[in-house]
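First comes the structure, then the notes that go with it.
2 protein chains.
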Amino acid sequence: MKREVINIIKIGGKTIDHEEKLDRFLNSFSRVPGQKILIHGGGILANQIGEKMGVVTKFHEGRRITNAETLELVTMVYGGLINKKIVAKLQSQNVNAIGLSGADANLLTAEKRVVKTIDYGFAGDIQKVNNDLLQNLLSQNLTPVICPITHDGKGQLLNTNGDTIAMTIACALQSQFEVNLWLCFDKKGVLLDIKDEESIIPQLNPSTYAELLSKSLIHEGMKPKLENAFRALESGVSKIRIGSADDIDLAIANEKTGTLICA
Amino acid sequence: MKREVINIIKIGGKTIDHEEKLDRFLNSFSRVPGQKILIHGGGILANQIGEKMGVVTKFHEGRRITNAETLELVTMVYGGLINKKIVAKLQSQNVNAIGLSGADANLLTAEKRVVKTIDYGFAGDIQKVNNDLLQNLLSQNLTPVICPITHDGKGQLLNTNGDTIAMTIACALQSQFEVNLWLCFDKKGVLLDIKDEESIIPQLNPSTYAELLSKSLIHEGMKPKLENAFRALESGVSKIRIGSADDIDLAIANEKTGTLICA
Numbered sequence: 001m002k003r004e005v006i007n008i009i010k011i012g013g014k015t016i017d018h019e020e021k022l023d024r025f026l027n028s029f030s031r032v033p034g035q036k037i038l039i040h041g042g043g044i045l046a047n048q049i050g051e052k053m054g055v056v057t058k059f060h061e062g063r064r065i066t067n068a069e070t071l072e073l074v075t076m077v078y079g080g081l082i083n084k085k086i087v088a089k090l091q092s093q094n095v096n097a098i099g100l101s102g103a104d105a106n107l108l109t110a111e112k113r114v115v116k117t118i119d120y121g122f123a124g125d126i127q128k129v130n131n132d133l134l135q136n137l138l139s140q141n142l143t144p145v146i147c148p149i150t151h152d153g154k155g156q157l158l159n160t161n162g163d164t165i166a167m168t169i170a171c172a173l174q175s176q177f178e179v180n181l182w183l184c185f186d187k188k189g190v191l192l193d194i195k196d197e198e199s200i201i202p203q204l205n206p207s208t209y210a211e212l213l214s215k216s217l218i219h220e221g222m223k224p225k226l227e228n229a230f231r232a233l234e235s236g237v238s239k240i241r242i243g244s245a246d247d248i249d250l251a252i253a254n255e256k257t258g259t260l261i262c263a
Numbered sequence: 001m002k003r004e005v006i007n008i009i010k011i012g013g014k015t016i017d018h019e020e021k022l023d024r025f026l027n028s029f030s031r032v033p034g035q036k037i038l039i040h041g042g043g044i045l046a047n048q049i050g051e052k053m054g055v056v057t058k059f060h061e062g063r064r065i066t067n068a069e070t071l072e073l074v075t076m077v078y079g080g081l082i083n084k085k086i087v088a089k090l091q092s093q094n095v096n097a098i099g100l101s102g103a104d105a106n107l108l109t110a111e112k113r114v115v116k117t118i119d120y121g122f123a124g125d126i127q128k129v130n131n132d133l134l135q136n137l138l139s140q141n142l143t144p145v146i147c148p149i150t151h152d153g154k155g156q157l158l159n160t161n162g163d164t165i166a167m168t169i170a171c172a173l174q175s176q177f178e179v180n181l182w183l184c185f186d187k188k189g190v191l192l193d194i195k196d197e198e199s200i201i202p203q204l205n206p207s208t209y210a211e212l213l214s215k216s217l218i219h220e221g222m223k224p225k226l227e228n229a230f231r232a233l234e235s236g237v238s239k240i241r242i243g244s245a246d247d248i249d250l251a252i253a254n255e256k257t258g259t260l261i262c263a
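Here the protein sequences line up with chains A and P, keeping their order. In terms of my numbering, the first sequence opens at residue 1 and continues consecutively. In terms of my numbering, the second sequence opens at residue 1 and continues consecutively.
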């Protein structure tokens, strides 16, 4: 039996930071046929607003360290400003978008990350995806627009990486859907040489990835994204691509852009 | 045929501004039986964060004048920080809350207020409530938690008074439900003497209200709230009360608190 296709698309900061880029992406996204879910990150906007407010954010290996002040900041910026702006823009393009955090309707339950060497503060590791809710919303032709905020079910909001949310939702839905997962960022794909924008690796499987890793040819900042991609692959997600958010509709139509993650 | 009861409760800034007060209210709210909707305002939190960010907000007759900067501020604070905090807290108390702005799933379409003498900026006057959506969510035992942000359907978010949202939703649902509308604030009811907290007017009908108005016995700040209450009355909303957010579950049980708005 042919299962229904769902496109799960994650966009990052660089797409969100520029109004024009975001508009172009949302325009493209609105043309993606069938069921779809958008997950967005935050980008420099949270940092800029944080600076104005005097909130200083620390990072460790590209991951934000979330103290109480930073959690309030990202809840405001991701859950409020960015999420509602995206939803309103999509509504104007006939996409019946509904903005959600992980707390809303108990979409994503997470656990505060256990402190090992680094205390990530209010960082949440996802424990459970509310599959029934997602399927229910999708069956009503709603398009979930998900911000990277989760909760622990005990009243605490948590900050969770957007790529990880996209991956986890892809894994959760893959038993019911043929899932296409798109992890978009500001490059056209995983680059062999970070200084050469055209050095896109067309496909990566676990062994070629391991090989590149062993030769230190994978940029540090790419590792979390690739780890998420390979975890989705292991869970049976049909198609996973890492690439640019530009012209996502064309990418979905011909599927020959970016880096394909395959077995 | 006996229709199902729904309690629509609006809380204002004073309840939100104090963590302890908010917790007590949400605790109380979680015990309200049956279907329910919570609408929240913003309070001084938006002003405080605005101050930190250097955003100056102007008011006219208690209503915020929303320029572009202020709109971003309230979208962040109302739609993000306050809304998600409330949702997470309710989730921890077994209320399956879902936070929504008017843009989400096209819940509330509004029109940018036409400039007469005062330019309210990005202030939205509600045109349409998405009744089907609300009924659908309620039928799934979800509790909508609505922030005072609407949209115009053309991509523009707008700022709308929370009391007005509560009233409009009450009116929209009154044909399907027996609606109890609670407009809560920091007083125990409409006061005859603003300096005497115990001078609660037990009930007001259009003619007693007109009489008090003519004698200038209605405080300026109370007028918008009362106008909303009387508009709900005209639309056939079953019960409307103006009173304190404290112990709302007990208030709903005995219905003898605050000011009853009646025909």
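In this text, a Cβ means the ideal position worked out from N, Cα and C, and glycines have one as well. If you're wondering where the values come from, they're calculated on a predicted model, not measured in any experiment.
Please report the distance separating the alpha-carbon of residue 243/P from that of residue 127/A. The alpha-carbon atoms of residue 243/P and residue 127/A are separated by roughly 41 Å.
Residues in its own chain within less than 8 Å of residue 3/A by CB, not counting five upstream and five downstream? These residues qualify, in order along the chain: 176, 177 and 178.
Output yes if chain A places a C-beta closer than 9 Å to the C-beta of residue 217/P; else output no. No, because no Cβ of chain A sits closer than 9 Å to the Cβ of residue 217/P.
Does any C-beta atom of chain P lie closer than 9 Å to the C-beta of residue 77/A? Closer than 9 Å: yes.
Coil, strand or helix - residue 195/P by DSSP: Coil, per DSSP.
Whole angstroms are fine: how far does the CA of residue 23/A sit from the CA of residue 349/A? The requested residue 349/A is not part of the displayed model; chain A covers only 1 to 263.
Among 226/A, 220/A, 10/A and 196/A, which has the Cα closest to the Cα of residue 207/A? Taking only the C-alpha atoms, the option nearest residue 207/A is 226/A.
Between residue 149/A and chain P, is the shortest Cβ-Cβ distance under 9 Å, so that the two count as touching? With 9 Å as the cut-off, residue 149/A counts as an interface residue toward chain P.
When the cut-off is 9 Å and only beta carbons count, does residue 54/P lie next to chain A? Nearest CB-CB separation between residue 54/P and chain A: below the 9 Å threshold.
Residue 173/A versus residue 36/A - alpha carbon distance: When rounded, the distance between both Cα atoms is 11 Å.
To the nearest angstrom, report how far apart residue 198/A and residue 231/A are at their CA atoms. Those two C-alpha atoms are separated by around 26 Å.
In three-state terms, what does DSSP make of residue 224/A? Per DSSP, reduced to three states, the secondary structure at residue 224/A is helical.
For residue 34/A, which residues of its own chain have a beta-carbon under 6 Å away from its beta-carbon, when the five flanking residues on both sides are left out? Cβ within range, chain order: 5.
Any contact between the segment 12-20 of chain A and the segment 38-48 of chain A? By contact I mean 3 or more CB pairs, one from each, below 8 Å. Verdict: yes, contact present.
For a contact meaning CB atoms closer than 7 Å, what does residue 153/A contact in chain P? The answer, in chain order, is 91 and 92.
Between which two residues does the beta strand (DSSP E) holding residue 3/P run? From DSSP, residue 3/P is part of no beta strand (DSSP E); its letter is neither H nor E.
Please say whether residue 75/P and residue 101/P have beta carbons closer to each other than 9 Å? Yes, these two residues count as a Cβ contact at 9 Å.
According to DSSP, is residue 217/P part of a helix, a strand, or is it coil? In this structure, residue 217/P counts as coil in the three-state DSSP scheme.
Please list the terminal residues of the continuous alpha helix (DSSP H) segment that includes residue 171/P. Note, residue 171/P: alpha helix (DSSP H), 162-173.
Considering only residues of the segment 119-144 of chain A, which uninterrupted beta strand (DSSP E) runs meet the minimum length of 3 residues and lie entirely inside it, listed in chain order? Complete beta strand (DSSP E) runs here, min 3: 124-129.
DSSP three-state call for residue 48/P: helix, strand or coil? Here residue 48/P carries a helix assignment [DSSP, helix/strand/coil].
If I follow the unbroken beta strand (DSSP E) through residue 16/P, where does it start and stop? Looking at the DSSP string, residue 16/P is not in any beta strand (DSSP E); the run it does join, the alpha helix (DSSP H), is 13-17.
I need the straight-line Cα distance from residue 79/A to residue 72/A, nearest angstrom please. Answer to the nearest angstrom: the Cα atoms are 10 Å apart.
Strictly by DSSP, which residues pair up with residue 24/P? Paired residues: none, contrary to the question.
Measure the beta-carbon distance from residue 191/A to residue 200/A and round it to whole angstroms, keeping in mind my assumption that it falls under 8 Å. The Cβ separation is near 6 Å, so the contact holds.
Does DSSP classify residue 243/A as helix, strand or coil? For residue 243/A, the secondary structure class from DSSP, reduced to helix, strand or coil, is strand.
Should residue 101/A be flagged as near chain P, meaning a C-beta pair shorter than 9 Å? Closer than 9 Å: yes.
Compute every distance between the C-beta of residue 163/A and the non-hydrogen atoms of the ligand SAM, then say whether any falls below 8 Å. No copy of the ligand SAM appears in this structure; indeed no ligand is present at all.
Kindly indicate the opening and closing residues of the alpha helix (DSSP H) around residue 84/A. Note, residue 84/A: alpha helix (DSSP H), 83-91.
Between the segment 113-128 of chain P and the segment 150-158 of chain P, are three or more C-beta pairs nearer than 8 Å? With a cut-off of 8 Å, the segment 150-158 of chain P and the segment 113-128 of chain P count as touching, because enough Cβ pairs lie within range.
Assuming the contact rule is C-beta atoms closer than 8 Å, residue 204/P and residue 164/P should be a hit. Round their C-beta distance to whole Å, please. That belief does not hold up - the Cβ atoms of residue 204/P and residue 164/P are roughly 19 Å apart, past 8 Å.
Candidates 193/P, 240/P, 235/P and 241/P: closest to residue 219/P by CA position: Among 193/P, 240/P, 235/P and 241/P, the Cα nearest to that of residue 219/P belongs to 193/P.
Out of 84/A, 184/A, 107/A and 83/A, which one is the CA nearest neighbour of residue 87/P? Taking only the C-alpha atoms, the option nearest residue 87/P is 107/A.
Which of helix, strand or coil DSSP assigns to residue 254/P: Note: residue 254/P maps to helix in three-state DSSP.
Which of helix, strand or coil does DSSP assign to residue 71/A? Annotated three-state conformation of residue 71/A is helix, per DSSP.
Using only alpha-carbon positions, find the residue among 186/P, 20/P, 132/P and 166/P that is nearest to residue 228/P. Out of 186/P, 20/P, 132/P and 166/P, 166/P has the C-alpha closest to the C-alpha of residue 228/P.
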